[in-house]
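What follows is a single structure, written as structure tokens, with notes after it.
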Amino acid sequence: MSDGHRTSQSQSGGALAGVRVIDMSTIGMGPLATQILGDAGADVIKVESAAGDIFRHVAPQRHEAMSHTHLNFNRNKRSVVLDLRAEAGRRAMLRLLSDADVFVSNARPASLARLGLDYATLEASHPRLIHCGCYGFSEEGPYAGRPAVDDVIQAASGMAWLQGLGQDAPHYVKTIVADKVCSLHVVNAIGMALYARERSGRGQAIEVPMFECLVSFVVPEHLAGMTFDPPQGPAGYPRLLDPYRRPFRTLDGFMGVVPYNEAHWKAFFELAGSPEFFEDERFSTQTQRSLHYSDLYRLVEDTLAGKTTAEWIRLLSEADIPFAPVNSLDELIADPHLNAIGFWHSVEHPTEGRLRMPGIPVRMSRTPGSIRRHAPGLGEHTAEVLRDIEAGCSKGARQ
């Protein structure tokens, strides 16, 4: 792909137009990452077995293999069904990879090696290929090769323990946070590898282990006193662990309110009718406030209970203090800001009818992303893609 072609493609079709991604991942982490790449203009080909990605089969759904999870994690992709246990399927896969820039898989390394799809096998014949493996645990440690899913990684990373503090047992976050956080690492790593290839001309292997990624997400603030050697206190960021850190009740609802810096607290104490608190030794500096979070949060809680949410929106807006009413999932659909910026997209799917989906949150002035393709039916593009690779279709005809 020449520099001139790449520039014209990216300006007209997104930052990654002209990049081809072969996506052999399933469930959340890999599919969300490749959807983001597809939103940015990449040509993403999702390779599936005849049974399809397991995320295709989660209720609710209107038709078999077209679940809500599949629809929300796999737009801007084409679907190809290959039997990689058969020689013909493996040959077709290798032909796909011969014209690819990126290969993403969450199959465990031993399985990839058995199929001849590991980086060590592919590197010589595909020197420009970026090979991204999405694993539960790094291949260099004692947990290598273990199976993993989101709940397992939440448990292993300390996140479930943190969620359960002050309660009777550990709790999972009520979203697939490990999958989604790790998907962003996949996107970042692939973007860096593509840039490195522009300078070196060569691809590389990428390992994105969920355990290490989520630990790196959890610990920056929670390492706390254990940051120092010898330790200066226990692990755990006190403000985040304080039992009074929670949405606060108003007369008619709940709000998240976080006075944070000097100006915020001075303004909030005035709103609370207690400006003298700013001179209180416990609250006069950031360091002192960080030692007395419970007292501060009880004050916020007691203060907010005296007015309606609408009243607090006006007062906190005037004081420039960070706040937000607590939204339910249903309320997000009607959120005035999200609707004003066109965040929700209403699209017509050829088999699933009218669908609502979230838009692309990141905006780029010269190479904006776009939603160009619906989430595909299982094997919807098999004939098209195989016909193209048999004909030696060039990268210039990808879009």
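Heads up: the sequence shown begins at 990 in the numbering used here, then just goes up one per residue.
Ideal placement from N, C-alpha and C gives every residue a C-beta, glycine not left out.
Excluding the 5 residues flanking it on each side, Met1199 has same chain C-beta neighbours closer than 6 Å at Gly1125, Ala1137, Ile1142, Ala1167, Cys1171, in chain order.
Spanning the alpha carbons of Asp1090 and Ser1189 requires a straight line of approximately 14 Å. Apart from sequence neighbours up to five positions away, the residues of its chain that approach Ile1349 with a beta-carbon distance below 7 Å are Asp1028, Gly1358, ordered along the chain. If you draw a straight line from the Cα of Ser1335 to the Cα of Leu1344, it is about 6 Å long. Using a Cβ distance threshold of 8 Å, Phe1258 and Pro1264 count as a contacting pair. His1334 carries a strand assignment under DSSP once its states are collapsed to helix, strand and coil. In this structure, Val1204 keeps its C-beta atom at 8 Å or more from the C-beta atom of Val1175. DSSP links Arg1238 through a beta bridge to Phe1243. Assigned with DSSP and collapsed to three states, Tyr1249 falls in coil, not helix or strand. The C-beta separation of Gly1242 from Val1315 comes to about 7 Å, placing the pair in contact by the 8 Å criterion. Annotation: the continuous alpha helix (DSSP H) that includes Met1181 extends over 1166-1189. CA-CA distance, Ala1372 to Leu1086, rounds to 17 Å.
Between His1370 and Val1069, the C-beta gap is smaller than 8 Å, which places the two residues in contact.
If you look at Ile1025, you'll find it in the alpha helix (DSSP H) that goes 1018-1028.
For Phe1312, the enclosing beta strand (DSSP E) stretches over residues 1312-1314. Close CB contacts of Ala1031 within its chain, under the 6 Å cut and outside five residues either way in sequence, are with Leu1005, Val1008, Val1010 (chain order). Counting of Cβ neighbours within 10 angstroms places Val1351 among the exposed residues, the total staying below 16.
Straight across, the Cα-Cα distance linking Ala1075 with Val1374 is about 18 Å. Glu1251 has its alpha-carbon roughly 46 Å from the corresponding atom of His1059. Taking 3 residues as the shortest admissible run, the region 1107-1171 contains the following complete beta strand (DSSP E) segments, listed from N- to C-terminal end: 1119-1124.
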